[in-house]
Amino acid sequence: MGKYSSRNTPPLPKIHREVHPVMRGIGCIMMVIVPILSYGVSVIAVNNFPIPLPRELVSGIVFPNWMKVLNGLNPILFYIESQPLMPAYVLFTVLISIFLFTIMAILYGFIYKTFGPSQYGPTDAPPIRKKVKKYTR
26 MGKYSSRNTP PLPKIHREVH PVMRGIGCIM MVIVPILSYG VSVIAVNNFP IPLPRELVSG
86 IVFPNWMKVL NGLNPILFYI ESQPLMPAYV LFTVLISIFL FTIMAILYGF IYKTFGPSQY
146 GPTDAPPIRK KVKKYTR
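Set out below in structure tokens:
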């Protein structure tokens, strides 16, 4: 036994490293809701876009013949080919999803910084603030 230690040390608290189940559920729901919401917004945005869209985005998607041989995919491929603005919808959906996920990440960072735990643990101390003198010879 050392000079400065004692046998009667309190037990260390358990550190929970798992994500709370409610937060996992919210994250899962957001991963489903944000793309669906962004697709709906992209349909409205493409149909009411004030600037004419490029021809490549308005022309539609044409699949090669070897994909049409697969009988299980025929209804899906036919639906996608029947949508003339599908490339524009997909592009706008991706852009709006990236924008919404970025906004959510920034808001989460602000909320966590405001209401989250202290950046210093029980054994940490804040850095010492010393005024440094300018060195001259």
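With my numbering as the guide, the letters of the sequence shown map in order to residues 26 to 162.
Think of the CB as a built atom: it goes at the ideal place given N, C-alpha and C, for glycine as much as any other residue.
Note that the coordinates shown come from a computational prediction; the quantities given were computed from them, not determined experimentally.
Point to revise | Spatial distance of arginine 154 from tyrosine 145 (CA atoms) | key: Distance between arginine 154 and tyrosine 145, taken at the CA atoms: about 16 Å.
Practice item. Check whether the region 56–70 touches the region 103–123, counting contact only when three or more Cβ pairs, one atom from each stretch, lie closer than 8 Å. Key: Taking a contact to require three or more Cβ pairs closer than 8 Å, the region 56–70 and the region 103–123 qualify as touching.
Check your understanding: So, helix, strand or coil for valine 94, using DSSP?
Key -> Note: valine 94 maps to coil in three-state DSSP.
Check your understanding: Hey, which unbroken runs of the alpha helix (DSSP H) at 4 residues or more fall wholly within the region 79–146?
Key -> Correct list: 80–83, 90–93, 99–107 and 111–140.
Check your understanding: If proline 109 sits next to valine 83, beta carbons under 8 Å apart, how far is it from one beta carbon to the other, in whole angstroms?
Key -> 7 Å between Cβ atoms; contact.
Review point. How about serine 143 and tyrosine 114: are their beta carbons less than 7 Å apart?
Key: No, the pair does not count as a contact, with Cβ atoms beyond the cut-off.
**Study point:** Where tyrosine 160 sits in the DSSP three-state scheme
**Key:** The DSSP-derived three-state label of tyrosine 160 is coil.
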